[in-house]
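Remarks on the structure that follows.
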Amino acid sequence: MFESAIEAIDILLKAVDDDMKDKLKDNEFVEPEYTVDKINELEDKLTDILEKEGTSFADGIIAIGTISAAENTFLKVIEELKKNDATDEIIYAEMKKFFKEVVSKLANDYIQTFDKDLAFSVFTDRTNYWIDRWSYELGQIMKLTSCNELERILSNGLEKGKSIQEIQDEIIESYSFSRERARKVSITEVLTAHSFAKEEAIIQSPAVDRKEWKHSGTHKNSPRPHHQALDGEIIDKGKQFRIDAPTGTYYARFPRDVTLPASERINCHCTHRGIVNDDILGLSLDERKNSNKKL
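If you read the sequence shown in my numbering, its first letter stands for residue 271, the second for the next number, and so on.
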């Protein structure tokens, strides 16, 4: 019997974390414990950002006066709230810092799985670009989603004649400003960090000449048949995987590649692995490095 509600919650959360660690390990993600810690850390950061955004929106609609205010006043308030919302900039700064820290640590771990003589030093230009660009785009996407939700709630409130207090409560309780949303984003983006890191390790490892898509879609989410079809697909390490999805054909260097639409990234737990060429691995370290420069 649990002695308190807090103790019960702690035990349940630990069980969830332990289950995730097992799944990560089973699917060849390095550092499962570190990964879960980073998911929880990012979840806390994003929850704080989203809750502050929701509170700011809720406080800001007081300027409408009454929900039956003139439409032009209503639109002006929405535009003012959007203009003053710096969530995109905050997320950009946080995610860029977060990705650089996590990807560099994981890249070194992945390199070690391919070649014990190598260590991660600096990001390639491509990975630097990915991290900066995706951190920026993620901030933009998350702000847009929040602002669209704000507009939906306010429009619905105006149409139904709700009070300011009712509108404020609906904003605060919305999924868009919730820990649940922060959790989903955190899992997706930490696994994206793994993909960035593994791709960086594959690029920098001379002995790796090919890569393979590995499907994993049974952990609390419905498997995508087209991701299942990719399981075991092997391509040259500099090439891209072809994904024949119901919504179209996409090309990606790895699972959760940021070039993919959200429908192909969110809740995707697939991974990819580098395939070591034993002939190259048998060369001296200098010879291995020289062979990689030719690629």
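Don't be surprised by glycine CBs; every beta carbon is placed ideally from N, CA and C.
| Query | Result |
| --- | --- |
| Please name the residue in Glu313, Ala363, Thr394 and Leu312 whose C-alpha comes closest to that of Lys468. | Thr394 |
| For Phe393, report the span of its beta strand (DSSP E) as first-last. | Taken as a continuous stretch (DSSP letters only), Phe393 belongs to no beta strand (DSSP E), as it is neither H nor E. |
| Grouping DSSP H, G and I as helix and E and B as strand, with all else coil, what is Glu301? | coil |
| Bridge partners of Ala522, per DSSP? | Phe511 |
| In whole angstroms, what separates the C-alpha of Ile441 from that of Asp289? | 33 Å |
| Tell me which same chain residues have a C-beta within less than 7 Å of the C-beta of Leu316, skipping the five on either side of it? | Ala452, Val455 and Ser456 |
| Sort Gly427, Glu436, Phe368 and Thr383 by Cα distance to Tyr406 and report the nearest one. | Phe368 |
| Grab the span of the beta strand (DSSP E) containing Val615 for me, first residue to last. | With the chain covering only 271 through 565, there is no way to say anything about residue 615. |
| Quick one: measure Cβ to Cβ for Ile423 and Ile411, integer angstroms, because I've assumed they're closer than 8 Å. | The Cβ separation is near 19 Å, so there is no contact. |
| How many whole angstroms separate the CB atoms of Leu388 and Ser475, which I take to be in contact at a CB cut-off of 8 Å? | 6 Å |
| Is Ile348 closer than 8 Å to Ala471 when the C-beta atoms are compared? | no |
| For Val478, does the three-state DSSP call read helix, strand or coil? | strand |
| So which of Thr517, Pro531, Asp318 and Phe327 has the shortest CA-CA distance to Glu419? | Phe327 |
| Rounded to whole angstroms, what's the CA-CA distance from Asp355 to Glu323? Just pull it up for me. | 7 Å |
| DSSP state of Ile536, grouped into three classes? | coil |
| Here's the rule: buried if 16 or more other CB atoms are within 10 angstroms of the residue's CB, otherwise exposed. What is Lys481? | buried |
| Please identify the residue among Thr519, Ile360, Asp479 and Arg449 whose C-alpha is closest to the C-alpha of Asn547. | Asp479 |
| Helix or strand or just coil, what does DSSP make of Asp527? | coil |
| Hey, Lys484 and Glu301: beta-carbon distance below 8 Å or not? | no |
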